[in-house]
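Asks: Sharing a structure with you now.
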Amino acid sequence: MDSPCRMKFGLFLPPMHPLGEDPTLALDRDIELVQWLDSLGYDEAWIGEHHSVGWETIGSPELFIAVAAERTRHIKLGTGVISLPYHHPLMVADRMALLDHLTRGRVMLGAGPGSLASDAYMLGLDPIVLRERMDEALGIIIRLFTETEPITYKSDWFELKEALLQLKPYQTPYMPIAVAATRSPSGVALAGKHGAAVLSVSFPFDSSGESDPRNLWSIAEESAAKHGKTMSREDWRIVVPVHLAESRKEAMEDAREGAARYQREYIENSLGYPGYVDCPPEEIIERMTDAGMWIVGTPDDCVQSIRRIYERSGGFGGFLVLGHEWAPREKILHSYELLARYVRPQFQGTLAGVTASHAWGTDHREYLQDLRTAAVNKARQDYASSR
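Sequential numbering from -8 applies to the sequence shown in the working numbering.
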């Protein structure tokens, strides 16, 4: 696999905290994780917005980003994602523009219709209208970022009267924007319409029909062309749960209980998706890794898995680890370190120089040794003749 670009690596943090632990300490761990990734040179972290079910406890990614930005130096911070139908578009645009200035251009806007039906229910919203409203809101937000004349607009759920964003984004013309996409074509079509990046939160591993990732990308490109926009695979990000260790056995032992609990209690019990209720933990992990949905293994396993996803998708530019707490804390932090040390360089070209230099030195070692020997012999002769 030859990636045409430097692949970005980052975190997609819903977050995922099992019930039963102190939620304040869990949020502290989330901040510390972003700090750890910043120190390891990760490119970005995307922070979710959720309001129910108990596992994903960040209700405002903007507030989280404001704190994380003060405790990090380089990592870019994105909303992953703001549920646009839950907010007035002017408020979203205003908050993101402010964050863009406060971080000196380190923020990204990730947008979606809202992933939890329970969130929409509490707000009295019909899930059927969410995608349409998200599309409408994103269009208005982009107009607020770019237009200098007041905007008057009336919708069936919000209104603008001569609205003008007094603080335009720090980045020109505005911060990077990404749209969340799952296995349906609606997300990628919306991304194409607005010329936004794609965040494949639930990557489609079905290689047939509309869930074929190559077909989904074609839909994004067709939508973009229809609306006078262009799409870049370099901006396509894929989200996958990952846990790495020095051996497959160790990785499996680390993650077996936490991964099984995540699958059973959250995915199947809380969200109601079909799964593997009767399977032992090891079989759940094996099935999900064999299907390419999870990566649990060694850094070499991770490299091969990313290459397979790259080939099946036709190419992408960003790999995001789904933030989870499947393993003990020190094991989780070590997993991210292993990825940074041994996986990331394979896709960012950072080994090319040192590898080429080592190969050159090896190929020329006899010639170089002869030069060293000649220099030493001459020095001895010069010393002897000077006495």
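All C-beta atoms, glycine included, are put in the ideal place defined by N, C-alpha and C.
Three-state secondary structure (DSSP) at Y144?
Replies: Here residue 144 refers to the residue found at position 153 when the sequence shown is read from its first residue. Strand at Y144.
Asks: I need the straight-line Cα distance from I297 to F0, nearest angstrom please.
Replies: Translated into the one-based positions of the sequence shown, residue 297 becomes position 306. Translated into the one-based positions of the sequence shown, residue 0 becomes position 9. The straight-line gap from Cα to Cα measures roughly 11 Å.
Asks: Between G305, P160, Y161, which lies nearest to I229 when the distance is taken from Cα to Cα?
Replies: As a first step, residue 229 is located in the sequence shown; it is residue number 238 there, counting from the start. When each option's Cα is compared against that of I229, the closest is G305.
Asks: Within the chosen definition, does the region 87 to 107 reach the region 204 to 212 through at least 3 CB pairs nearer than 8 Å?
Replies: no
Asks: Is the separation between the beta-carbon of D226 and that of A236 shorter than 8 Å?
Replies: Indexing the sequence shown from 1 puts residue 226 at position 235. Indexing the sequence shown from 1 puts residue 236 at position 245. No, the Cβ-Cβ distance between D226 and A236 is not below 8 Å.
Asks: Distance, Cα to Cα, S191 vs G352?
Replies: Counting from one through the sequence shown, the residue named residue 191 turns up at place 200. Counting from one through the sequence shown, the residue named residue 352 turns up at place 361. Their backbone Cα atoms lie some 43 Å apart in a straight line.
Asks: Is it true that the CB of G314 sits closer than 8 Å to the CB of P5?
Replies: Translated into the one-based positions of the sequence shown, residue 5 becomes position 14. Translated into the one-based positions of the sequence shown, residue 314 becomes position 323. Yes, the pair counts as a contact, with Cβ atoms nearer than the cut-off.
Asks: How many Å lie between Y77 and H41 at the Cα?
Replies: By 1-based counting over the sequence shown, the position of residue 77 is 86. By 1-based counting over the sequence shown, the position of residue 41 is 50. When rounded, the distance between both Cα atoms is 11 Å.
Asks: Assuming contact is defined by CB atoms lying nearer than 8 Å, are G45 and L16 in contact in what I supplied?
Replies: Position 54 of the sequence shown holds residue 45. Position 25 of the sequence shown holds residue 16. Cβ distance not < 8 Å, so G45 and L16 don't count as in contact.
Asks: Per the contact definition of three or more C-beta pairs closer than 8 Å, is the region 244 to 260 in contact with the region 346 to 363?
Replies: no
Asks: Can you tell me which of the three DSSP states G344 falls into?
Replies: On the sequence shown, position 353 is the one that residue 344 refers to. Of the three classes helix, strand and coil, the one that applies to G344 here is helix, per DSSP.
Asks: Quick check on M82: buried or exposed, where buried means 16 or more other Cβ atoms within 10 Å of its Cβ?
Replies: For this step, residue 82 is matched to residue 91 along the sequence shown. Its Cβ having fewer than 16 others within 10 Å, M82 is exposed.
Asks: Please give me, in chain order, every unbroken run of the alpha helix (DSSP H) with length at least 4 that falls completely inside the region 160 to 189.
Replies: With a minimum length of 4 residues, the continuous alpha helix (DSSP H) runs that stay inside the region 160 to 189 are 176 to 185.
Asks: Taking the alpha carbon of K217 as the reference point, which residue from R239, E248, G183, V189 has its own alpha carbon closest?
Replies: Counted from its first residue, the sequence shown places residue 217 at position 226. Answer by Cα proximity: G183.
Asks: When the Cα of A172 is compared with those of W285, S74, R239, which residue comes out closest?
Replies: As a working mapping, residue 172 is identified with position 181 in the sequence shown. Selected option, being the one with the closest Cα: S74.
Asks: Check for me: the alpha helix (DSSP H) holding E213 runs from which residue to which?
Replies: Residue numbering aside, residue 213 sits at position 222 when the sequence shown is read from its first letter. From DSSP, the alpha helix (DSSP H) with E213 extends over 204 to 217.
Asks: Out of V58, L330, T143, M279, point me to the one whose CA is closest to S193's CA.
Replies: Start at 1 with the first residue of the sequence shown, and residue 193 comes out as number 202. Out of V58, L330, T143, M279, M279 has the C-alpha closest to the C-alpha of S193.
Asks: Which whole-angstrom value describes the C-beta separation of R466 and Q26, a residue pair presumed to lie in contact below a C-beta threshold of 8 Å?
Replies: Absent from the structure is residue 466, since the part of the chain shown begins at -8 and ends at 378.
Asks: So the candidates are T137, S377, V189; which of them puts its Cα closest to the Cα of L311?
Replies: By 1-based counting over the sequence shown, the position of residue 311 is 320. Answer by Cα proximity: V189.
Asks: Which of helix, strand or coil does DSSP assign to A36?
Replies: Residue mapping note: residue 36 aligns to position 45 of the sequence shown, counting from 1. A36 falls in the strand class under three-state DSSP.
Asks: Keeping to the same chain, check which residues put their C-beta closer than 7 Å to that of Q337; ignore five residues upstream and five downstream.
Replies: Indexing the sequence shown from 1 puts residue 337 at position 346. Contacts found: V294.
Asks: Answer with buried or exposed for V367, where buried requires no fewer than 16 other C-beta atoms within 10 angstroms of its C-beta.
Replies: As a working mapping, residue 367 is identified with position 376 in the sequence shown. Counting Cβ neighbours within 10 Å, V367 comes out exposed, since fewer than 16 surround it.
Asks: Can you name, in chain order, every residue of its own chain whose Cβ lies under 7 Å from the Cβ of S238, other than the five neighbours on each side?
Replies: On the sequence shown, residue 238 is found 247 positions in, with the first residue counted as 1. Result list for S238: T289, in chain order.
Asks: State buried or exposed for T346, treating a residue as buried only when at least 16 other CB atoms are found within 10 Å of its CB.
Replies: What you label residue 346 is simply residue 355 of the sequence shown in a count that begins at 1. It counts as exposed.
Asks: So, S43 versus M125, is the Cβ gap smaller than 8 Å?
Replies: The residue you call residue 43 lines up with position 52 of the sequence shown. The residue you call residue 125 lines up with position 134 of the sequence shown. Result no, Cβ atoms of S43 and M125 do not sit closer than 8 Å.
Asks: Under a three-way DSSP split, which group does R134 fall into?
Replies: Mapped onto the sequence shown, residue 134 falls at position 143. Looking at R134 - three-state DSSP - the assignment turns out to be helix.
Asks: Please report the distance separating the alpha-carbon of L330 from that of K159.
Replies: For the purposes of this step, residue 330 is identified with residue 339 of the sequence shown, where counting begins at 1. For the purposes of this step, residue 159 is identified with residue 168 of the sequence shown, where counting begins at 1. Rounded to the nearest angstrom, the two C-alpha atoms are 37 Å apart.
Asks: Please confirm whether T143 and L151 have their CB atoms less than 8 Å apart.
Replies: By 1-based counting over the sequence shown, the position of residue 143 is 152. By 1-based counting over the sequence shown, the position of residue 151 is 160. Yes.
Asks: Report buried or exposed for A211, applying the criterion of at least 16 other Cβ atoms within 10 angstroms of its Cβ.
Replies: For the purposes of this step, residue 211 is identified with residue 220 of the sequence shown, where counting begins at 1. Buried, by the Cβ-count rule.
Asks: Locate the alpha helix (DSSP H) running through W27, then write down its first and last residues.
Replies: Translated into the one-based positions of the sequence shown, residue 27 becomes position 36. Element bounds for W27: 14 to 30.
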